[in-house]
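Asks: Taking this note's numbering, the leading residue of the sequence shown gets 20, the next gets one more, and so forth. Handing you this structure, nothing more for now.
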Amino acid sequence: MALESSITGGDAVQQCSILTLMAHVKWRGGDSATALVFGRDAQRLAYQTTNLLEASRASTVIALALIFLGDYAGSITQLHNARELLRVCGMGDSDSDLHNAIAQARVHLHKSEYAEARAIHTQLLQDSANTPGAPSRGYALLNIAMVDVAIDAGRDIVEKSLQMANKIFAEAEYIFAMAYSDLISADLDIAEGKTALAEAHFQKCLRLSWGKDIEAVMYCLERLADVTRRPFNFPAKMRWTMVYLCQGHKLRDKLAFYKALLSIGELFINEDEARAHTLFIVALEGFTFMDVHRSRAQCMLQLGDVAKGKGETTKAAEFWGTARPLFERSLQMKDVAAIDMRLGTLEQDHQKSG
């Protein structure tokens with residue numbers, strides 16, 4: 020309360036700084052809603068007093084709060100504002116701008132806007148060309164590799180980035196960062212059908228990271244809960260999916276929560292179609308609010324399959340037709356081909372019946 024009471028007693032600059040600090044404290048404590056209130060108050064006061072640097076800091080904490088609340092579009096706008104204000108202040112190459120750029124790329128990755136995420140990290144690499152051993156370059160390479168796995172760019176391309184990143188981390192003695200490189204390599208194994216090998220690695224990493232590195236924990240759980248890679252053991256997959264769901268709920272991580280619901284729906288599709296349909300609808304609403312292209316498309320693909328199974332071909336075509344540009348937007352060309360095959364089959368059936 021002493022911190023809050025000091026707001027009314029200080030000058031405008033001090034008030035802005037305190038409000039921004041309080042927003043950060045609330046955000047780190049998991050109270051993003053309150054952080055958002057403090058952040059917006061700080062931003063409003065900063066603009067009123069033309070304190071552009073403090074306005075940039077307020078925009079950053081607002082963006083961080085919005086990310087946790089699932090408002091990705093709003094967070095990108097705030098991060099863009101924060102970076103523009105830093106440039107006006109002559110701090111376009113500062114650590115603050117670097118952190119904002121990384122956060123911006125992360126949001127694009129959450130939204131499955133892979134081209135935008137990759138472009139930001141590529142630019143960060145170019146901007147740091149004069150410091151080839153900087154750990155930030157290693158992280159940029161890791162993130163580029165993560166994107167390349169997501170868009171199925173191929174093992175050679177991904178491993179080249181990982182090798183360059185590992186060289187930087189080894190020289191800087193960032194041994195813990197090399198563990199993330201191993202996780203991305205496991206992603207490659209999954210893409211190539213080596214599911215058992217990859218899942219064993221994710222489980223090992225999960226045991227080592229639990230209670231220590233929440234980012235690594237959620238990374239592993241998301242993949243252990245992924246039911247798109249077959250074959251899999253149903254009881255084990257259900258267990259991991261429920262753990263992922265509970266962790267998403269506990270951390271108020273909306274993206275993880277709705278991804279877990281989608282996975283549960285996919286598990287139930289052959290056992291309880293009505294329940295699966297409900298889960299797909301709920302997940303779709305969440306992904307639509309967050310504007311997550313790939314996951315929205317996955318829900319619509321499943322809903323189209325359910326409709327097709329009921330003989331509701333018009334509805335199926337609508338779902339698949341809506342999913343197609345979302346898969347294109349997220350560079351999922353294999354899924355685009357799968358949609359085209361479904362729509363083509365519907366057209367052939369229609370012509371035969373006509």
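Yeah, the Cβ is synthetic: ideal placement off N, Cα and C, and Gly gets one too.
Cutting at 7 Å between CB atoms, please list the residues of its own chain near Q62, excluding the five before and the five after it.
Replies: So the qualifying residues of the chain are A74, A77, S78, I81.
Asks: Contact check, L303 vs M319 under 8 Å by CB: the rounded distance?
Replies: Confirmed, about 7 Å.
Asks: Going along the chain, which unbroken runs of the alpha helix (DSSP H) with 4 or more residues stay wholly within the region 126-165?
Replies: Qualifying alpha helix (DSSP H) stretches, in chain order: 133-146.
Asks: Candidates G152, I170, A164: which alpha carbon is nearest E192's?
Replies: For the residues G152, I170, A164, the minimum Cα distance to E192 belongs to G152.
Asks: In whole angstroms, what is the alpha-carbon distance linking D208 and S228?
Replies: When rounded, the distance between both Cα atoms is 21 Å.
Asks: On a Cα-Cα basis, can you pick out the residue from A335, I163, L72 that is closest to Q33?
Replies: Checked all of A335, I163, L72; the closest Cα to Q33 is L72.
Asks: Go ahead and label L22 buried or exposed: buried means 16 or more other beta carbons lie within 10 angstroms of its beta carbon, across all protein chains shown.
Replies: Model confidence at L22 stands at a pLDDT of 48, short of 50, so the residue's coordinates are unreliable; what they give is reported in the following sentence. That one is exposed.
Asks: CB L55 to CB A84, shorter than 7 Å?
Replies: Against a cut-off of 7 Å, the Cβ pair of A84 and L55 comes out as a contact.
Asks: Is the beta carbon of M261 closer than 7 Å to that of I203?
Replies: It is not a contact, given that the beta carbons lie outside the stated cut-off.
Asks: Which whole-angstrom value describes the C-beta separation of Y158 and M309, a residue pair presumed to lie in contact below a C-beta threshold of 8 Å?
Replies: That pair is no contact at about 24 Å.
Asks: Can you tell me where the alpha helix (DSSP H) with W339 in it begins and where it stops?
Replies: Here the alpha helix (DSSP H) through W339 covers 332-348.
Asks: So for L270, helix, strand or coil by DSSP?
Replies: Correct three-state label for L270: coil.
Asks: For Q317, which residues from the same chain have a beta carbon less than 7 Å from its beta carbon, with the 5 sequence-adjacent residues on both sides left out?
Replies: Within the same chain, Q317 has close Cβ partners L281.
Asks: Let me know the secondary structure DSSP gives A244 once reduced to three states.
Replies: Coil.
Asks: Check this for me: beta carbons of L144 and R156, under 7 Å apart or not?
Replies: Contact flag set, yes.
Asks: How far does the alpha helix (DSSP H) with Q182 in it extend, from its first residue to its last?
Replies: 174-191 is the extent of the alpha helix (DSSP H) around Q182.
Asks: Assign M20 to one of two classes, buried (16 or more other C-beta atoms within 10 Å of its C-beta) or exposed (fewer than that).
Replies: Reliability fails at M20, whose pLDDT of 45 lies under 50, so the model's placement of it is uncertain and the value that follows must be treated cautiously. The residue is exposed, with fewer than 16 neighbouring Cβ atoms inside 10 Å.
Asks: Should S372 be labelled buried (16 or more other beta-carbon atoms within 10 Å of its own) or exposed?
Replies: Exposed is the call here.
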